[in-house]
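For the sequence shown, the positions run 48 to 192 when the working numbering is used. Even glycine gets a Cβ: it sits at the ideal position worked out from N, Cα and C. For reference, the structure is listed below as structure tokens.
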Amino acid sequence: MSEHIVSRYDEELNDVARRIAEMGGMAERLVDVAVGALIRVDTATAKTVIADDKKLDVLQRECEERAIMIIARRQPMAMDLREVIAAQRIASDLERIGDLAKNIAKRVMALDGQLQSKRFNTGVEHMAAAVAGPAQGRAGRLRDA
């Protein structure tokens, strides 16, 4: 982020960025835990995913409110405005990922303790690795940039 004359503005932008990073870690963890619960048919773990999704929802609302306040107070121009709008979109996408993790957890509850076949578990593990792998690779490349 660029340096602004008003340091409070930079602090507000950094706060939103920090919350987005926190949401990203939480969303990634929720998916990982939900997939693990599905493979093990672990209803107790699935319940924690469902409960933790509410925390992600709260963070998303906070990010959205802060972004709106930045726009209202600071009236950012061009690049700064795009950055604030991008933060809102990213927060929305991460909240949606949390919802999808919650949906996986709800499927675990619907299984009601029925163990799945080895083939099913292998398929789920393969899909989870395919989804997580590219995202982790991109994140590593972005940190190195």
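In three-state terms, what does DSSP make of S164?
coil
Tell me where the alpha helix (DSSP H) around D89 begins and ends.
It is not in any alpha helix (DSSP H) - D89 carries neither H nor E in the DSSP assignment.
Roughly how many whole angstroms lie between the Cα atoms of R66 and E172?
29 Å
By how many angstroms is the C-alpha of V178 removed from the C-alpha of I151?
14 Å
Just confirm the distance between the C-beta atoms of A134 and A114, as a whole number of angstroms; I'd bet it's less than 8 Å.
6 Å
Which residues in the same chain as M156 place their Cβ atom closer than 7 Å to its Cβ, once the five residues preceding and following it in sequence are excluded?
T90 and A93
Own chain residues within Cβ distance below 6 Å of I144, not counting five before or after
A74
When DSSP labels each residue in this structure, what does M70 get in the three-state scheme?
helix
Exposed unless 16 or more other CB atoms sit within 10 angstroms - verdict on Q122:
exposed
Please tell me whether K149 and D100 are closer than 8 Å, where the distance is taken between their beta carbons.
yes
One question on the structure: do I117 and E69 come within less than 8 Å of each other, judged by their Cβ atoms?
no
Which residue comes first and which comes last in the alpha helix (DSSP H) that contains D146?
A125 to L158
So for Q122, helix, strand or coil by DSSP?
coil
Best match in A84, I137, A125 and E111 for proximity to Q163 [C-alpha to C-alpha]
A84
Among the residues of its own chain, which have a CB less than 6 Å from the CB of A175, if the five just before and after it don't count?
V82
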